[in-house]
Amino acid sequence: MFSTPLVIQVYKYMSLQEDHLGTGVWHMQQTSVEQLKQHAIELRKTAVTMVYEAQSGHPGGSLSAADVISALYFRELNVDPTNPKWEDRDRFVLSKGHVAPIQYAALALRGFVSNESVYTLRQYGSPFQGHPDMKKCPGIDISTGSLGQGLSCAVGMAIAGQRDEKDYRVFAMVGDGECQEGQIWEAIQAAVKYKLDNLIVFVDNNRLQIDGFCEDVMPLLDLEKKFDAFGFDTTRIDGHSMEQIVETLDTFAKQKNGKPKCIVCDTVKGKGVSYMEDQAAWHGTAPNKEEFELAIKELEGGLPV
Amino acid sequence: MFSTPLVIQVYKYMSLQEDHLGTGVWHMQQTSVEQLKQHAIELRKTAVTMVYEAQSGHPGGSLSAADVISALYFRELNVDPTNPKWEDRDRFVLSKGHVAPIQYAALALRGFVSNESVYTLRQYGSPFQGHPDMKKCPGIDISTGSLGQGLSCAVGMAIAGQRDEKDYRVFAMVGDGECQEGQIWEAIQAAVKYKLDNLIVFVDNNRLQIDGFCEDVMPLLDLEKKFDAFGFDTTRIDGHSMEQIVETLDTFAKQKNGKPKCIVCDTVKGKGVSYMEDQAAWHGTAPNKEEFELAIKELEGGLPV
Amino acid sequence: MSVTKKAVEKKATRAAFGDEIVRLGESNKDIYVVDIDIGKSCKTDKFIEKFPMQHINVGIAEQNGAGIAAGLATTGKIPFISTYAVFGSLRMAEQIRQEVCYPNLNVKIACSHGGLTPGNDGGSHQAIEDMGVMRSFPNMTVIMGADYHSTRKLIAEAAAMYGPVYLRFTRDAVPMIYDENETFEIGKAKKLRDGEDIAIIANGDTVRLAIEAAEQLEQNGISVKLLDMHTIKPLDVEAVKDCLDIGRIITVEDHNILNGLGSAVAEVIAEAGKGQLARIGVQDRFGESAPYEKLLEINGITVEDIIAKANQLLTN
Amino acid sequence: MSVTKKAVEKKATRAAFGDEIVRLGESNKDIYVVDIDIGKSCKTDKFIEKFPMQHINVGIAEQNGAGIAAGLATTGKIPFISTYAVFGSLRMAEQIRQEVCYPNLNVKIACSHGGLTPGNDGGSHQAIEDMGVMRSFPNMTVIMGADYHSTRKLIAEAAAMYGPVYLRFTRDAVPMIYDENETFEIGKAKKLRDGEDIAIIANGDTVRLAIEAAEQLEQNGISVKLLDMHTIKPLDVEAVKDCLDIGRIITVEDHNILNGLGSAVAEVIAEAGKGQLARIGVQDRFGESAPYEKLLEINGITVEDIIAKANQLLTN
Ligand SMILES: Cc1ncc(C[n+]2csc(CCOP(=O)(O)OP(=O)(O)O)c2C)c(N)n1
Ligand SMILES: Cc1ncc(C[n+]2csc(CCOP(=O)(O)OP(=O)(O)O)c2C)c(N)n1
Ligand SMILES: [Mg+2]
Ligand SMILES: [Mg+2]
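Chains as they are written, first to last, in my numbering: chain A, 5 to 309; chain B, 5 to 309; chain C, 16 to 331; chain D, 16 to 331.
Right under this line is the structure:
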């Protein structure tokens, strides 16, 4: 148990940047697909370690989201770790807030918070709450945790950007199971009405939710078709192919055609840790010591291509 | 202002049947398209009169729904006015509950309640509440009024029928504006999961909601396409063509193919009363004396073919 | 302060919202209105006409309206969500909790059709529990003005303060009580009368009933202290405590007697261990279609009921 | 009645739901469970395995879950909606209001993760206002059992009575207090101790804290009356009134001090004009990630706090 000292240390973002990057300035344009893949491995390791240390948290959906998160935080998001509340920043809304660990890992690697601090996940006094808390953690644009709500907030941010004629964009990530929430479809229809081409929605289509495969719990059918029927520009990619993610961000997501964008990312829940892959049981379970060590070993081996 | 005496009279359904039909037994099979059209005119007149008498209520969406309601109550619904809670009855859920007057009119003409009683609409002590109340009015299968909720209840009824291996069917009517509620899409996906081919949903696609045209307030795009993407068997008809309604009920709606059915009915809000047609202002406004008389006169002239 | 006696002019307090929001929109480009397809009825039409770029209509989708408002607030906007009280409190309850109160964002929820005022629409539309539900949430401020002018002032105060505020208005026209120059402070009760025999604490349009009852009681030689407790959260605890010496307290509200003004005052009295309370309000039952006044009568929310309760407390 | 002293065995009361619902499903084919994608966590797995035809999983769609339950209830089923308390109370608040309470349908809402028990999940998952919100609705019964056995009994009673019931369970294991043969009646407080100096009224797993506090107080010669008020609505008003002669009353709950047990008891005390109350509970603030016990401590919901409040009331 710890308290204030740690919270203060969290804001020493510069130290981390020096640790990890050797420079206080991030050069996004220069991040190669190879580097993004490396970062994704780092993120996965950090997230799994956080959950292990906390003995609580959600590894499965953190791992499926890791590659998109890596591409966003290290190539796409126009954000400033030294000024997390910078008005003109791009926003990122983790609507599936339970996978906070993967976002915290990115915030650390990107220099918003110190690297060690994230291991206080879920402890008393930590900025790294079980679910993202914008009041406690720098770099969190909106608190989430209750599924289905974040996307509406993202729409609100995008409308504000549009009305204020700002260039920032709003990225949001929703779960496939989360798409069962009616509020998601309310947000989608509003994004279309307001022609929010500054809004890019990723669906982490890992085919699992808590009680099992979505197909069994509540079939989602063809999400691409649904988004399309609701008026989004929609595409579907392999959410673990960094090449496809980068390509989609560079082209598809950049079109200023008056339509919000949806990228359905086919992913594997637990991706990168063999025994977690495709297993509903690893949605919200922490690994024990043995499992943890195996996970890190596998992740260090790199993802099979 | 009145109280109990009237409430009791409401249940004297037999008297009405005698009044109107000359017999205590309803022969649905024999109701011709012509008769259904006549009944639809009656329903429209009764509903407009109710709203006029109450000086409060929703004429626009009552009139757009009248033809489907006529076909349901006088040809399709397997219900028993002498036993409104009959276990094996077909259910009807008016999810767009604000158009209660048109349902009350049908309940009267079908013999559930006495003909005169419905003119107590919205008065203290009346079974004919501003929005349908299953505790107060015979023939109401579920209380509605808050948009987006009724369809979920219909799904619950249909699941019960399926599990109990009953033959009854569940019909529901939703507004097009109502389809903006996320809960509608939650209900739709559940109906598909549970393969509820005993559920038939009518969308009263009158293109208007309170604040104006749906197109302006919150575009619905192609509802048929949306229902289809969510897995419904969907068709689209002219919701004022009794021929098309009957044909669709006889064929499309009867298919036992494991899929719930959606009938998008293109309608005109205020249909049958010239000055109300396509006017958002007549959503929830009562006519004055002059307007009322004109409405009745126009309705008695019959709908243009 | 001066109470306009036997006021005849009536205005719905939703009209106060319609007027005040235009004034606010003029002076502050960050003021937004988020409508949920009942703009006309909630009186946002003038605002829409003047400030289309500060207006959003999300259609019939309350939850999304709340979320969009939260998103807007993160960018510095001051969104007013506008809908009916039953939907504005309950249909978006979790969104208000998670995305407005939990992150303490600057979102205002401005609801017409409060309490029993949507009379003939029936029980499904009568919001008898909204203020109580809103009081449940940390960080939330909960307000109902007594008349047109006080409601305008309180809306302005709500816009000026940082943080979530729930504002409730009447559908029906209610008598004007206050003079246009009267000032109001959120969280501070308005003392309308001082007295020694009994204290009446009312809010919303039941204040007019309390004024009438107080006048009649005074005529019978009973001295009445009268508070307009427009803010039920944060409650003006000091003002309630100042009633404890009188000992006999009546709360009056167009709201369920559970969780609203009556409960808030009961908490203060019970913790002080001093004073006796009678709660006048909706008797934990759903409404039904009827004229507003009839519904008040059924629930015992009338001038006569207040007087009867006062006499009862005085003879205890 | 007999309280197992210094009970060591612990069980989460959500496990009581998991076990009891199987027993109920066996004897009554109309018992349904409506899961909302957290069946495992809410302990419905045994039920699903045994009675798949009495089970529905609506996916992550709370509102629809409530509506489906209402629809099922119209056909004579007795659906138990199963989810976490924060969602089961707030995400479906209007559906519960309009489609369950307003038509008074026989729907039960059975929620795990009540109060601060979802400790490390953080404030977004800690349901501190659920029971209060549910208390707002006419026709609703609101219950939280103190331990495994009492919760099982209360679930069975809820299934046997007609009408809407909200049941709240702990995520965490809490000590077993009651013997398996103890009986419980909805709406009737369980007297755990009689005494003359102070009355403690607790519910949920804070009952164990109250027991411990009472024991320590007795050791210091203070005689304590102790009630397990498992039902906060309808409140056992008579049982509260029986505490008024003692005069010093403490409520203890793992819930916001607004609108829950504390407010319900305050209403009785204030209306009686007799007795003084101290409310122990969540201090109208959101939770945060921390062990459950730590959160109780932060909010002053501990044995020591109860004793301190007792001493305070006694010296007043
Ligand atoms: C409104 C709401 N209902 C239920 C939950 C509990 N819950 C947390 S994660 C989860 C499953 C999410 O599935 P999905 O969206 O597919 O996420 P992923 O597979 O990426 O973990 C559920 C039901 C919640 N957080 N919010
Ligand atoms: C949840 C909810 N939000 C708002 C309203 C207020 N309202 C009543 S009718 C209506 C418009 C309905 O439009 P539509 O569904 O198209 O019905 P129709 O055109 O057939 O009248 C609205 C917003 C409501 N009854 N319920
Ligand atoms: Mg998933
Ligand atoms: Mg319409």
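Glycine included, C-beta positions come from ideal geometry on N, C-alpha and C. Given the structure is predicted, the values throughout are model-derived calculations rather than measurements.
First through last residue of the beta strand (DSSP E) which encompasses residue i
{"i": "N72/D", "result": "70-72"}
{"i": "R95/A", "result": "95-98"}
{"i": "I96/C", "result": "93-99"}
{"i": "F312/B", "result": "Missing from the structure shown is residue 312/B; chain B here goes from 5 to 309 and no further."}
{"i": "I144/B", "result": "Segment: none, I144/B is in no beta strand (DSSP E) and carries neither H nor E."}
{"i": "C126/C", "result": "123-127"}
{"i": "A176/A", "result": "174-179"}
{"i": "Q283/B", "result": "That residue, Q283/B, is in no beta strand (DSSP E); it is neither H nor E in DSSP."}
{"i": "K275/B", "result": "Careful: K275/B lies outside any beta strand (DSSP E) and carries neither H nor E."}
{"i": "I295/C", "result": "291-297"}
{"i": "L151/B", "result": "Careful: L151/B lies outside any beta strand (DSSP E) and carries neither H nor E."}
Residue nearest to residue i in terms of C-alpha spacing, selected from the options
{"i": "K170/B", "options": "L203/B, P142/B, R240/B, K41/B", "result": "L203/B"}
{"i": "V72/B", "options": "A158/B, H102/B, A110/B", "result": "A110/B"}
{"i": "L227/A", "options": "V207/A, N82/A, V174/A, A51/A", "result": "V207/A"}
{"i": "C57/C", "options": "R183/C, D45/C, M159/C", "result": "R183/C"}
{"i": "A204/D", "options": "R263/D, Y99/D, E253/D", "result": "E253/D"}
{"i": "F78/A", "options": "E57/A, L47/A, S68/A, Y198/A", "result": "L47/A"}
{"i": "A142/D", "options": "I321/C, S151/C, H128/C, I316/C", "result": "S151/C"}
{"i": "R93/B", "options": "V174/B, G149/B, L200/B", "result": "V174/B"}
{"i": "I75/D", "options": "G243/A, T255/A, V97/A, D180/A", "result": "D180/A"}
{"i": "I215/D", "options": "A171/D, G290/D, N119/D, V157/D", "result": "G290/D"}
{"i": "K301/A", "options": "S121/A, V37/A, I45/A, S36/A", "result": "I45/A"}
{"i": "Q2/B", "options": "G276/B, E182/B, L225/B", "result": "Limits of chain B in this structure are 5 at one end and 309 at the other, which puts residue 2/B out of reach."}
{"i": "N210/A", "options": "D201/A, L200/A, P223/A", "result": "P223/A"}
Run of the alpha helix (DSSP H) containing residue i, from where it starts to where it stops
{"i": "M159/C", "result": "Premise fails: M159/C lies in the beta strand (DSSP E), 156-159, not in any alpha helix (DSSP H)."}
{"i": "N87/A", "result": "Segment: none, N87/A is in no alpha helix (DSSP H) and carries neither H nor E."}
{"i": "I143/C", "result": "Note, I143/C: premise wrong, no alpha helix (DSSP H); not H, not E."}
{"i": "V52/A", "result": "37-58"}
{"i": "T330/D", "result": "318-330"}
{"i": "D260/A", "result": "A small correction: the amino acid at residue 260/A is Lys; Asp does not occupy that position in the sequence shown. Segment: none, K260/A is in no alpha helix (DSSP H) and carries neither H nor E."}
{"i": "D242/A", "result": "No alpha helix (DSSP H) holds D242/A; the beta strand (DSSP E) holding it covers 237-242."}
{"i": "G154/A", "result": "154-167"}
heavy atom of ligand 6 below 8 Å from residue i C-beta
{"i": "L253/A", "result": "Because ligand 6 does not appear in the structure shown, any question about it cannot be addressed here, the ligands present being ligand 1, ligand 2, ligand 3 and ligand 4."}
Beta strand (DSSP E) runs contained entirely in the stretch 248-286 of chain C, provided each spans 3 or more residues:
263-271
Write down every uninterrupted run of the beta strand (DSSP E) in the stretch 173-234 of chain D whose length is 3 residues or greater and which is fully enclosed by it, in chain order.
180-183, 188-190, 205-208, 213-217
The stretch 291-299 of chain D / the stretch 262-272 of chain D touching (three or more Cβ pairs under 8 Å):
yes
Those runs of the beta strand (DSSP E) which lie wholly inside the stretch 22-62 of chain D and span at least 3 residues:
25-27, 46-50
Please confirm if the stretch 210-217 of chain C is in contact with the stretch 300-320 of chain C, defined as three or more CB-CB distances below 8 Å between the two stretches.
no
Would you check if the stretch 100-116 of chain D and the stretch 215-222 of chain B touch, i.e. whether three or more CB-CB distances between them fall below 8 Å?
no
With a cut-off of 8 Å, do at least 3 Cβ pairs link the stretch 153-166 of chain C to the stretch 134-141 of chain C?
no
Count the C-beta pairs between the stretch 151-170 of chain B and the stretch 182-201 of chain B that are closer than 8 Å, then say yes if the count reaches three, no if not.
yes
Whether or not the stretch 77-85 of chain C and the stretch 45-54 of chain C are in contact is what I'm after, with contact meaning three or more pairs of Cβ atoms, one per stretch, closer than 8 Å; do they touch?
yes
Taking contact to mean at least 3 C-beta pairs separated by less than 8 Å, is the stretch 21-39 of chain D in contact with the stretch 55-71 of chain D?
yes
Should the stretch 284-300 of chain B be regarded as contacting the stretch 55-73 of chain B, the criterion being three or more beta carbon pairs within less than 8 Å?
yes
Does the stretch 233-241 of chain B come close enough to the stretch 256-272 of chain B to have 3 or more Cβ pairs within less than 8 Å?
yes
Contact the stretch 280-288 of chain D vs the stretch 221-232 of chain D: 3+ CB pairs below 8 Å
no
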